[in-house]
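One structure below.
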Amino acid sequence: MNDGVNGVALGVFIFFFVLVTAMGFLAARWRKAENEHSLDEWGLGGRSFGTWVTWFLLGGDLYTAYTFVAVPAAIYAAGAAGFFAVPYTILVYPLIFTFLPRLWSVSHKHGYVTTSDFVRGRFGSKGLSLAVAVTGILATMPYIALQLVGIQAVLDVMGVGGGEDTNWFIKDLPLLIAFGVLAAYTYSSGLRAPALIAFVKDTLIYIVIAVAIIYIPIKLGGFDDIFAAANDKFTESGNGGLVPNHGGQWTYATLALGSALALFMYPHSITATLSSRSREVIRRNTTILPLYSLMLGLLALLGFMAIAAGVKVENGQLAIPQLFENMFPDWFAGVAFAAIGIGALVPAAIMSIAAANLFTRNIYKDFIKPDATPAQETKVSKLVSLLVKVGALVFVLGMDKTVAINFQLLGGIWILQTFPALVGGLFTRWFHRWALLGGWAVGMVYGTIAAYGVASPTQKHFGGSSDEIPGIGEIGYIGLTAFVLNFLVTVVLTFALRAVKAPDGVDETKPSDYTADAGDPGVQVELPPATAGSSH
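Shown next, in the form of structure tokens:
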């Protein structure tokens, strides 16, 4: 790592940062609506985005700075086991093809802004809706923090902020500035800001990956030498080479499947989805989003390249930024760092908006101020989006980075427990609302306790997301085990509650709502009962 500041790389980084900052503020005028004071406009971009805007927005949302840094870092540290991210992004798109268009349709018909809005409308249960909202907020907070970790990794490699002995304020000032700019244009422009910036972010990432996958192997002697160096490292370390052993294969498979089921349970994924202007836009995107999986597979190979290039870092998250610093000319290293930095700003903005929408619609409006107007909702959501980002910043500055990573792993375990209520509710009303709440509680408790008991060489608790699967004896992803328990409890309780004729909630949807499109005759947005009398 450089002792001083890489001035050329920093200059290029600042150029792109200023560019996207300007775009973020200008986005407020992009497709400006007559009525800006509603969550439909601020939080969902007016539900107006077409195929390409949605594609870039979802790509910017799902393939984050943390992805850019952490996936190859996992390959760098653990070998081929880190490739689990590639099959799970392949599995997820056929899965979401089956349910996202249905969620879009019913949300468009009834004016739902969050998944909790749908759960409340489908099952007539504010308690279940609250559980989904709280889970979404808890799972999103550490995810935002990790985007800031990605920016910090880039700044560290460029030498910005001084060494470890530097005053904390001076050291963290660049991150504070980046945070302030992010907070300002998100507050001003809402979802339109990350939607516009995503074009720059994804273009830069594709350019960097295309250059890296050709340029770096040429400098290192080709892929034969790269794979040989990686295999030697993992053989010497006792990992048995690149391929996981039999026990590791269970972990790999369950982590890939569980992650695929969880990805579109995250509030930010749904926020980007509901911003689309039609059902057909969602269907098209499920067929073209796998292009990002191709990029992810190439990106993962950078971990092996870092090994072959002799990159040595104590913090694995710095491996790829350091590889770029070592291998690229300074000016192109700046482009690569800008891609990572902007790759943090886009998802962080969407995540903070999604968490704020959940609080506003499903906590503030449902339990604190039921008669809140659309303008009041928007104001509260803007303020909460700032608080969420402040919380993430405090998390990053005040805690060890590995803690942030482990909390994000815990967030994945938690968010998966909302799957039965959301996806199950899109296809059937058979599950009882109290059974879904009971299953959710069991999954949350089991997942949290099991994760707490996992130790690592550096931590006594929350040291990973895999543990022994009860009854099978293999090591697998805790989130998937918790999900199976959640589902079984939900089914058993539903049978029991149906048998005793426990009162069911009121379903405000009807079958035709789940296939409605924006252009269908007679289809118009209906407001949930809680918003009656207001205009979106």
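Counting with our numbering, you get residues 1 to 536 for the letters of the sequence shown.
Yeah, the Cβ is synthetic: ideal placement off N, Cα and C, and Gly gets one too.
In this text the structure is predicted, and so the values were computed from the model without any measurement.
If you draw a straight line from the Cα of VAL484 to the Cα of LEU257, it is about 12 Å long.
The distance from the Cβ of ALA344 to that of ALA193 is about 14 Å, inconsistent with a contact at the 8 Å cut-off.
For ASP224, there is no enclosing beta strand (DSSP E); the enclosing alpha helix (DSSP H) covers residues 223-236.
By the neighbour-count criterion, in which a residue is buried when 16 or more other Cβ atoms sit within 10 angstroms of its Cβ, SER512 is exposed. Burial check for PRO101: the Cβ neighbour count within 10 Å reaches 16 or more, so the residue is buried.
For the pair ALA499 and ALA435, the Cα-to-Cα distance works out to about 13 Å. Rounded to the nearest whole angstrom, the CA to CA distance from GLY297 to ALA228 is 19 Å. Secondary structure within the segment 385-429: not one fully enclosed beta strand (DSSP E) run of 3 or more consecutive residues is present. In the DSSP assignment, GLY476 is bridged to ASP467. CA-to-CA, the gap between ARG120 and PRO503 works out to about 15 Å. Of THR458, LYS233, VAL346 and LEU383, the smallest CA-CA separation from ASN315 is found for THR458.
For the pair ASP330 and GLY159, the Cα-to-Cα distance works out to about 13 Å. Taking a cut-off of 8 Å on C-beta distances, the segment 57-77 touches the segment 296-312, as three or more cross pairs fall below it. Under the DSSP assignment, PRO217 falls in the alpha helix (DSSP H) whose first and last residues are 192-220. Under a 10 Å Cβ-count criterion, HIS108 is classified as buried, with 16 or more other Cβ atoms of the shown protein chains found around its own Cβ. The beta carbons of GLN408 and LEU148 sit no closer together than 8 Å. The Cβ atoms of LEU480 and ILE342 do not sit closer than 8 Å to each other. Between THR140 and PRO267, the beta carbon gap of about 6 Å places them in contact (Cβ cut-off 8 Å). If you ignore the 5 residues before and after VAL384, its C-beta comes within less than 6 Å of the C-beta of ALA356 and PHE359, all in its own chain and listed in chain order. Apart from the 5 residues on each side of it in sequence, TYR452 sits with its Cβ closer than 7 Å to the Cβ of HIS461 and PHE462 in its chain, given in chain order. Selection ALA306, PRO420, PRO370 and ILE478 evaluated against ALA78 yields ALA306 as nearest (Cα-Cα). Excluding its 5 nearest sequence neighbours in each direction, TYR292 has C-beta neighbours in its own chain below 8 Å: GLY59, LEU62, TYR63 and THR89, listed in chain order.
The beta carbon of GLY476 sits closer than 7 Å to those of TRP250, THR251, THR254, SER466 and ILE469, all from its chain and outside the five residues before and after it, given in chain order. For GLN317, there is no enclosing alpha helix (DSSP H), as DSSP marks it with neither H nor E. ALA80 is positioned such that its CB atom lies no closer than 8 Å to that of LEU294. Selection THR186, ASN326 and GLY310 evaluated against LEU44 yields THR186 as nearest (Cα-Cα).
For the options VAL181, PHE49 and LEU95, the alpha carbon positioned closest to that of THR21 is the one of VAL181.
Annotation note: the segment 74-159 contains no uninterrupted beta strand (DSSP E) run of length 3 or greater. If you draw a straight line from the Cα of THR448 to the Cα of LEU130, it is about 19 Å long.
Taken in chain order, the complete alpha helix (DSSP H) segments of 4 or more residues contained in the segment 252-286 are 267-274. Taking C-beta atoms as the reference points, ASN486 and ASP117 fail to come closer than 8 Å. The beta-bridge partner set that DSSP reports for PHE49 consists of SER276.
A Cβ-Cβ contact shorter than 8 Å links TRP30 with LEU196. Taking PHE84 as the centre and dropping the five residues before and after it, the same chain places the C-beta of TYR252, LEU255 and ALA256 closer than 6 Å to its C-beta, in chain order. For TRP331, the enclosing alpha helix (DSSP H) begins and ends at 330-359. The Cβ neighbour count for ALA375, taken over all protein chains shown within 10 Å, is under 16; the residue is labelled exposed.
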